[in-house]
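*Asks:* Those protein sequences? They're chains V and L, same order as listed. The opening residue of the first sequence carries number 1 in my numbering; numbering runs sequentially from there. The opening residue of the second sequence carries number 1001 in my numbering; numbering runs sequentially from there. Even glycine gets a Cβ: it sits at the ideal position worked out from N, Cα and C. All values reported here derive from a predicted model rather than from experimental measurement.
2 protein chains.
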Amino acid sequence: MYLCAMRPQKVEDKVLLQGLMSVLRSKGYDGASLNDLAASSGLQKASLYHRFPGGKKEITAAVLQFANEWVQKHVYTPLTDETITPSKRLTQVLANIDALYAGGEDACILRALSMDSGIELFGSQIKESMQLWIDGFTTVGEALGFTKKEAQSKAHQVLISVQGSLVVCKGLNSRVLFESTLKSIKNMYKKG
Amino acid sequence: MYLCAMRPQKVEDKVLLQGLMSVLRSKGYDGASLNDLAASSGLQKASLYHRFPGGKKEITAAVLQFANEWVQKHVYTPLTDETITPSKRLTQVLANIDALYAGGEDACILRALSMDSGIELFGSQIKESMQLWIDGFTTVGEALGFTKKEAQSKAHQVLISVQGSLVVCKGLNSRVLFESTLKSIKNMYKKG
DNA sequence: GTCTATACTCAGATAGAC
DNA sequence: GTCTATCTGAGTATAGAC
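1. Within 8 Å of any Cβ in chain L, is that where the Cβ of residue 119 (chain V) sits?
2. Tell me where the alpha helix (DSSP H) around residue 173 (chain V) begins and ends.
3. Please confirm if residue 1031 (chain L) has its CB atom under 8 Å from at least one CB of chain V.
4. Do residue 1127 (chain L) and residue 118 (chain V) have their CB atoms nearer than 8 Å?
5. Which two residues bound the contiguous alpha helix (DSSP H) that contains residue 115 (chain V)?
6. Which of the three DSSP states, helix, strand or coil, is assigned to residue 1025 (chain L)?
7. Check the Cβ of residue 1183 (chain L) against every Cβ in chain V and list those closer than 8 Å, keeping chain order.
8. Helix, strand or coil, according to DSSP, for residue 66 (chain V) in the structure here?
9. Distance cutoff 8 Å, beta carbons only. Does residue 1155 (chain L) sit that close to anything in chain V?
10. Would you report the Cα separation of residue 180 (chain V) and residue 1044 (chain L), rounded to the nearest angstrom?
11. Is the separation between the beta-carbon of residue 1062 (chain L) and that of residue 1017 (chain L) shorter than 8 Å?
12. Under three-state DSSP, which class holds residue 107 (chain V)?
13. Are the C-beta of residue 103 (chain V) and some C-beta of chain L separated by less than 8 Å?
14. How big is the Cα-Cα spacing for residue 1113 (chain L) and residue 7 (chain V)?
15. Measuring CB atoms only, is the region 1022-1039 of chain L touching the region 26-36 of chain V, in the sense that at least three cross pairs come out at less than 8 Å?
16. Compute the beta-carbon to beta-carbon distance between residue 1155 (chain L) and residue 1178 (chain L), rounded to the nearest angstrom, for a pair I have assumed lies under 8 Å.
17. Taking the straight line between their C-alpha atoms, what separation do you get for residue 184 (chain V) and residue 1122 (chain L)?
18. Use the C-beta contact count for residue 3 (chain V): other C-beta atoms within 10 angstroms, 16 or more gives buried, fewer gives exposed.
19. Are there 16 or more other CB atoms within 10 angstroms of the CB of residue 1046 (chain L), so buried, or fewer, so exposed?
20. Closest to residue 1085 (chain L) by CA distance: which of L:1145, L:1160, L:1019, L:1158 is it?
21. Strictly under 8 Å for the Cβ-Cβ distance: is residue 1084 (chain L) near chain V by that measure?
22. Consult DSSP for residue 93 (chain V) and reduce its assignment to one of helix, strand or coil.
23. Using a beta-carbon distance below 8 Å, is residue 1007 (chain L) in contact with chain V?
24. Count Cβ pairs between the region 91-106 of chain V and the region 1077-1091 of chain L that sit closer than 8 Å; are there 3 or more?
25. Can you find a heavy atom of the ligand HEM that lies under 7 Å from the Cβ of residue 78 (chain V)?
26. Are the C-beta atoms of residue 59 (chain V) and some chain L residue less than 8 Å apart?
27. Between the region 133-165 of chain V and chain L, which residues of the former have a C-beta closer than 9 Å to a C-beta of the latter?
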């Protein structure tokens, strides 16, 4: 429905959510204040409440929804696309993941919200996105000829090593382990 | 120096730090309020300020110091103890790690403090503990006959997969991937 | 739809009695 | 050393003009 009487949005939904996500992924739920969120979005606090009447909880839920759509579009869907060879799917998705985390520089929103407060409020959304990620990699593993059990194990290994390398890269203040992790994921799927 | 005129401490230093750590590891730096910290320690807020005049920053720094001593005592030292066979060192340390994280139930304090605010304040302490962990596993890898390069790579892999599995276990609300990760670490060090 | 101004709550931190 | 009581600022959230 088109309501031409309404004042135009100053910031597009997608741009807005990207700004909000960048704050939440780096500061976490408790660390991200509404001032931070407003500043990142280019809107005032009150305007954020207009867009998200539920406040910070609703903002965060929307950001997680946005993240889940990203996983759907850039991980799950390409990994399960049978018009492409499994090997090429894998290469493409690993490149997408590299971009998402800026080569190990940026944090994962799922991890950032996995502290007590975040899990209590958004546990089911976090679980859903992680499961989608695992399902995608399981599918490509089977397409590459591994058994279902092997493919599941590898999929878990992918998620674990991506999350782990992001944590370690933050801690050591170096991105090399993220890049080497992506390479070793590629190797993991070579038949041996 | 023994000062018998002083009023006895209500809570021992070690017990105090354990309580404080349990809050910080589950809620993170921003999520842990002084009320939370006081409640977990059995002291009032003002008493915490007596013990830690620098407030939350000093509390957190002390907890990280405590954590670093734990890694020293239960990871680094046993892994480098040449009076024990390398294989037994590994088994023992993996059991220690299993206990530290309560089989995947509890979070890692290094991870919990690795958001922006924590990294800015405590980055060097976090890095130090992670490096100690890596050094210990590198030593045991070399003792098991791997080249220095292989041993370093495996040590990185250990830290990454432990941290990663803790994140994924939180997200999926299941501990099975932590236990399987510890088993696969053990396998990683079998010569092939 | 966006803004400025403001209400209200809880955070971190301190004062001073015991 | 520990406590109760209190101060001050930042946090979330709302009111109402434009």
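*Replies:* In short, the structure shows the following:
1. As a position in the first sequence, residue 119 (chain V) is number 119, starting the count at 1. Chain L contact via Cβ: present.
2. In the first sequence, the residue the question calls residue 173 (chain V) occupies position 173. From DSSP, residue 173 (chain V) is part of no alpha helix (DSSP H); its letter is neither H nor E.
3. Numbered from its first residue, the second sequence carries residue 1031 (chain L) at position 31. Yes, its Cβ sits closer than 8 Å to a Cβ of chain V.
4. In the second sequence, the residue the question calls residue 1127 (chain L) occupies position 127. In the first sequence, the residue the question calls residue 118 (chain V) occupies position 118. Taking 8 Å as the Cβ cut-off, residue 1127 (chain L) and residue 118 (chain V) do not qualify as a contacting pair.
5. Mapped onto the first sequence, residue 115 (chain V) falls at position 115. Where residue 115 (chain V) is concerned, there is no enclosing alpha helix (DSSP H), given that its DSSP letter is neither H nor E.
6. Taking the first residue of the second sequence as 1, we reach residue 1025 (chain L) at position 25. If DSSP states are grouped into helix, strand and coil, residue 1025 (chain L) belongs with the helices.
7. Walking along the second sequence from the start, residue 1183 (chain L) turns up at place 183. Within chain V, no residue comes near residue 1183 (chain L); the closest Cβ sits about 11 Å away, beyond 8 Å.
8. As a first step, residue 66 (chain V) must be located in the first sequence, where it is residue number 66. Note: residue 66 (chain V) maps to helix in three-state DSSP.
9. Stepping through the second sequence from its first residue, residue 1155 (chain L) is reached at position 155. With 8 Å as the cut-off, residue 1155 (chain L) does not count as an interface residue toward chain V.
10. Start at 1 with the first residue of the first sequence, and residue 180 (chain V) comes out as number 180. Start at 1 with the first residue of the second sequence, and residue 1044 (chain L) comes out as number 44. Rounded to whole angstroms, residue 180 (chain V) to residue 1044 (chain L) spans 47 Å at the Cα level.
11. By one-based count along the second sequence, residue 1062 (chain L) stands at place 62. By one-based count along the second sequence, residue 1017 (chain L) stands at place 17. For residue 1062 (chain L) and residue 1017 (chain L), yes; Cβs fall inside 8 Å.
12. Against the first sequence, residue 107 (chain V) aligns to sequence position 107. Correct three-state label for residue 107 (chain V): coil.
13. Reading the first sequence from its first residue, position 103 is the one you call residue 103 (chain V). Closer than 8 Å: no.
14. Within the second sequence, numbered from 1, the residue matching residue 1113 (chain L) stands at position 113. Within the first sequence, numbered from 1, the residue matching residue 7 (chain V) stands at position 7. Taking the straight line from one Cα to the other gives about 42 Å.
15. yes
16. For the purposes of this step, residue 1155 (chain L) is taken as the residue at position 155 of the second sequence. For the purposes of this step, residue 1178 (chain L) is taken as the residue at position 178 of the second sequence. At roughly 19 Å, the Cβ-Cβ gap does not stay under 8 Å, so residue 1155 (chain L) and residue 1178 (chain L) are not in contact.
17. Translated into positions along the first sequence, residue 184 (chain V) becomes position 184. Translated into positions along the second sequence, residue 1122 (chain L) becomes position 122. Straight-line Cα distance between these residues: approximately 30 Å.
18. By 1-based counting over the first sequence, the position of residue 3 (chain V) is 3. Low confidence applies here, because residue 3 (chain V) scores a pLDDT of 44, under 50, leaving its location unreliable; read the following figure in that light. Per the 10 Å Cβ criterion, exposed.
19. The count along the second sequence starts at 1 and reaches residue 1046 (chain L) at position 46. Counting Cβ neighbours within 10 Å, residue 1046 (chain L) comes out exposed, since fewer than 16 surround it.
20. Sequence index remark: in the second sequence, residue 1085 (chain L) carries index 85 (1-based). Among L:1145, L:1160, L:1019, L:1158, the Cα nearest to that of residue 1085 (chain L) belongs to L:1145.
21. Locating residue 1084 (chain L) in the second sequence gives position 84, where the first residue counts as 1. So no, residue 1084 (chain L) is outside the interface.
22. Taking the first residue of the first sequence as 1, we reach residue 93 (chain V) at position 93. Residue state, collapsed to three classes: helix.
23. Counting from 1 along the second sequence, the entry for residue 1007 (chain L) is found at position 7. Not closer than 8 Å to any Cβ of chain V, the Cβ of residue 1007 (chain L) fails to qualify, so no.
24. no
25. Because no ligand of any kind appears in the structure shown, any question about the ligand HEM cannot be addressed here.
26. On the first sequence, position 59 is the one that residue 59 (chain V) refers to. For residue 59 (chain V), the answer is no, since every Cβ of chain L falls outside 8 Å of its Cβ.
27. 134, 153, 156, 157, 159, 160, 161, 162, 163, 164, 165
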